[in-house]
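Have a look at the structure below before the remarks.
2 protein chains.
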Amino acid sequence: MSNGLRARQASGGDMEKERETLQAWKERVGQELDRVVAFWMEHSHDQEHGGFFTCLSREGRVYDDLKYVWLQGRQVWMYCRLYRTFQRFHHSQLLNAAKAGGEFLLRYARLAPPGKKCAFVLTRDGRPVKVQRTIFSECFYTMAMNELWRATGEVRYQTEAVEMMDQIVHWVREDASGLGRPQLQGAPTAEPMAVPMMLLNLVEQLGEADEELAGKYTELGDWCARRILQHVQRDGQAVLENVSEDGKELSGCLGRQQNPGHALEAGWFLLRHCIRKGDPELRAHVVDKFLLLPFRSGWDPDHGGLFYFQDADDFCPTQLEWAMKLWWPHSEAMIAFLMGYSESGDPVLLRLFYQVAEYTFRQFRDPEYGEWFGYLSREGKVALSIKGGPFKGCFHVPRCLAMCEELLGALLS
Amino acid sequence: MSNGLRARQASGGDMEKERETLQAWKERVGQELDRVVAFWMEHSHDQEHGGFFTCLSREGRVYDDLKYVWLQGRQVWMYCRLYRTFQRFHHSQLLNAAKAGGEFLLRYARLAPPGKKCAFVLTRDGRPVKVQRTIFSECFYTMAMNELWRATGEVRYQTEAVEMMDQIVHWVREDASGLGRPQLQGAPTAEPMAVPMMLLNLVEQLGEADEELAGKYTELGDWCARRILQHVQRDGQAVLENVSEDGKELSGCLGRQQNPGHALEAGWFLLRHCIRKGDPELRAHVVDKFLLLPFRSGWDPDHGGLFYFQDADDFCPTQLEWAMKLWWPHSEAMIAFLMGYSESGDPVLLRLFYQVAEYTFRQFRDPEYGEWFGYLSREGKVALSIKGGPFKGCFHVPRCLAMCEELLGALLS
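Top line first, the protein sequences correspond to chains D and R.
This note's numbering numbers the first residue of the first sequence as 1051 and each following residue consecutively.
This note's numbering numbers the first residue of the second sequence as 1051 and each following residue consecutively.
This is the structure in structure tokens:
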């Protein structure tokens, strides 16, 4: 993992300066991780019903008590991960909150057990409010259960994770009818990049230090990587969010849609895949197409920051928020560039990490109340003061900070 | 309709000046209406399949050829209305385009005829792409068919309109199961204000100069008005977008959601109801709660313009576009204030009309390519350069301009 420093063509003095910069960033992300985790621990735990409040104002006030299943699963996952892998987070308060969140999911997430379909959002006490006809609630449920097993050793969590994974794979690769989407004659058989991305993420999650499951999912991981790579279109000049199942560009806005932050996230998922495979050729391709290309097209030359949506033919996107700067594309970009540098040693990637991290820490952090703002205007002003909401919980920010702390530690060691 | 000028407590000189201002606005909106209609006639007609392209760039280029059923129905309605009620639009080009749009809807809008459920969006050649589990595609279908009947005299259109109306009323008042929404234990039985608003609009549309249908729908119109009035909550201090079916505030963000432009639109729907009923007491209530109150809370004191969403407890809304300035709340506000003034003669309402109209003409018009921009930033900069898209077609702008031209004409006569 310390290819980066070794590969630098730099004098001893430069190298020393680089070490200091890396060390300073390591301390900065570590301290920020502490503050962010403290925010969620202080404001988000539902002591009565278990699970987490995620609709939190700037100051941490609960402005809605709905429980979004994606965010419940993600927070359980995050807490367990921190508990397992960071000495300073290895304390019972974090683990107990994760367990209470996991029990809430076990009891309430599924709409009609033993059926596997999960709700998208639940009331505070666990009654279903909305369902999405996608796989994502179930994916975050799986991530939560697998981490809970790793953190507690309780096998029932792992059983739940593996059974849900089998169901998800069935929906994606064999028969999607259980998701309840109507078959419409004019609907294109579009593949959103999120689907193979999410599955690849689960393959890594379930296969971690688990030879049996890693083996079981090898072919699936390769399939996911191939499907993600199919989203590189137009002679390698664009990553498109939606393509046909056989890898062709789709017509209209749907086909031309780009999401630079999402491509960068896919980039680091693929980098991890390359590490597992030991495939430096694929790694170079991924760096080129999923890191450098989306950054070039997606970084706002006027105000900094990554645009949320773009159109591959430079039409104006129809998403009202297309030019806003959202927190998660930036946290994903930080991970992607730092991981890319760690693996390749290419100093261009380290400079991009610094560029993104400086923008991100300057614009998104809230030094007053902790956690990050999620939604800035194109110019970088806070557009929504919320710290959490239906799509922002305890996940992208701490995952980014924890992974960057680890990557920086490895580079420095 | 000329209560306004009669009621002004003004000297002869002031009155003359007021007339001049009104006359200038009448000319301004009339000329703008011509330019807007010209934009749609030039760029939106699909000569091959019938119906309309609505995904149009700033210059009028088609950037997607999907056909959104709301917007197909609205454009048919608008063209017929202009053809019927404005001498200068009484030409065959407009009527033929409306008929081609109507035939496209008749042939393709319904998913499984004789079932009434319509698609939300179709391919250019009419294959269904998406369905919404709401009544709105069907409502705009009904508006289109009723106006087509009025414009052409062909009874088959009216049969279609009345049968669809019966179906919509059945879904709203008797049994919504045909819409396909899942029954979930935690889902609140929320009434979005749009539902009784849309129905009240249809009651007016179908009952216009039609004693039989006006009589048939009298009770329904009263029911709609009562249901809309139930959205005035918190001792008359807020219009809330969603309430329970028995008129109670709902919990969380859903319950606290406000949309000032939507309240203003409901305001003029209710003013028309008051005119039909001859009910000046209700009119005063409507002016107070649906015109003045949303304007006071919704007008941005810093940059002008109406916010899109607000939270009744002043939490930050979770909609990313909450502070953006959209075209349609402003066109609805122009109608509401001018109609309110016409009916009540209250000069406060006329001043508000001028304030909104000046902001709107200054910020939304595109003097270069015609039509209006739809989406501005909080500060009033063009955020999306599109002239049409999935939710913006040939409707709110020309409806506003046509109604204002008529209202101003009546005030001046």
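The beta-carbon is built from N, C-alpha and C at its ideal position, and this holds for glycine as well.
Limits of the unbroken beta strand (DSSP E) element including residue i
| i | result |
| --- | --- |
| D:Asp1114 | 1112 to 1114 |
| D:Leu1434 | 1432 to 1434 |
| D:Pro1178 | 1178 to 1180 |
Opposing strand residues paired with residue i [DSSP bridges]
| i | result |
| --- | --- |
| R:Ala1476 | In the structure as shown, chain R starts at 1051 and stops at 1463, and residue 1476 of chain R therefore has no counterpart that could be examined. |
| D:Cys1105 | D:Asp1114 |
| D:Ser1294 | D:Ala1240 |
| D:Leu1356 | D:Trp1349 |
| R:Glu1299 | R:Val1293 |
Simplified DSSP assignment, three categories, for residue i
| i | result |
| --- | --- |
| R:Tyr1425 | strand |
| R:Trp1377 | helix |
| R:His1141 | coil |
| D:Gln1122 | helix |
| D:Leu1304 | helix |
| D:Glu1224 | coil |
| R:Cys1450 | helix |
| D:Asp1260 | coil |
| R:Asp1361 | strand |
| R:Cys1168 | strand |
| R:Leu1457 | helix |
| R:Arg1174 | coil |
| D:Arg1183 | coil |
| R:Arg1276 | helix |
| D:Arg1160 | strand |
| R:Gly1230 | coil |
| D:Cys1130 | helix |
| R:Glu1382 | helix |
| R:Gly1151 | helix |
| D:Lys1442 | coil |
| R:Arg1267 | Looking at the sequence shown, residue 1267 of chain R is not Arg but Tyr. Reduced to three states, the DSSP call for R:Tyr1267 is coil. |
| R:Gly1390 | helix |
| R:Phe1340 | helix |
Extent of the continuous alpha helix (DSSP H) to which residue i belongs
| i | result |
| --- | --- |
| D:Glu1197 | 1186 to 1202 |
| R:Glu1254 | 1244 to 1257 |
| R:Pro1397 | 1397 to 1414 |
| D:Trp1372 | From DSSP, D:Trp1372 is part of no alpha helix (DSSP H); its letter is neither H nor E. |
| R:Cys1324 | 1310 to 1327 |
| D:His1093 | 1062 to 1093 |
| R:Phe1345 | 1343 to 1348 |
| D:Arg1333 | 1330 to 1336 |
| R:Gln1217 | 1205 to 1219 |
Buried versus exposed, by CB contacts within 10 Å (16 or more), residue i
| i | result |
| --- | --- |
| R:Lys1437 | buried |
| D:Pro1367 | buried |
| D:Met1015 | The shown model of chain D, from 1051 to 1463, leaves out residue 1015 of chain D, and the question about it has no answer. |
| D:Glu1382 | buried |
| R:Thr1071 | exposed |
| D:Glu1315 | buried |
| R:Thr1192 | buried |
| D:His1093 | buried |
| D:Glu1408 | exposed |
| R:His1140 | exposed |
| D:Glu1393 | buried |
| D:Gln1287 | exposed |
| R:Gln1220 | With the sequence shown as reference, residue 1220 of chain R is identified as His, and Gln is not the correct amino acid for it. Flag for R:His1220 reads exposed. |
| D:Val1181 | buried |
| D:Gly1054 | Any reading at D:Gly1054 must be qualified, since the residue scores a pLDDT of 45, below 50, and its modelled position is unreliable; no value is offered. |
| R:Arg1333 | buried |
| D:Thr1239 | exposed |
| D:Ala1162 | exposed |
| D:Pro1330 | exposed |
| D:Thr1209 | exposed |
Rounded distance between the beta-carbons of residue j and residue i, thought under 8 Å
| i | j | result |
| --- | --- | --- |
| D:Val1086 | D:Leu1451 | 6 Å |
| R:Tyr1133 | R:Ala1148 | 7 Å |
| D:Arg1183 | D:Arg1231 | 5 Å |
| R:Gly1257 | R:Leu1263 | 5 Å |
| R:Tyr1358 | R:Asn1309 | 7 Å |
| R:Phe1089 | R:Gly1110 | 6 Å |
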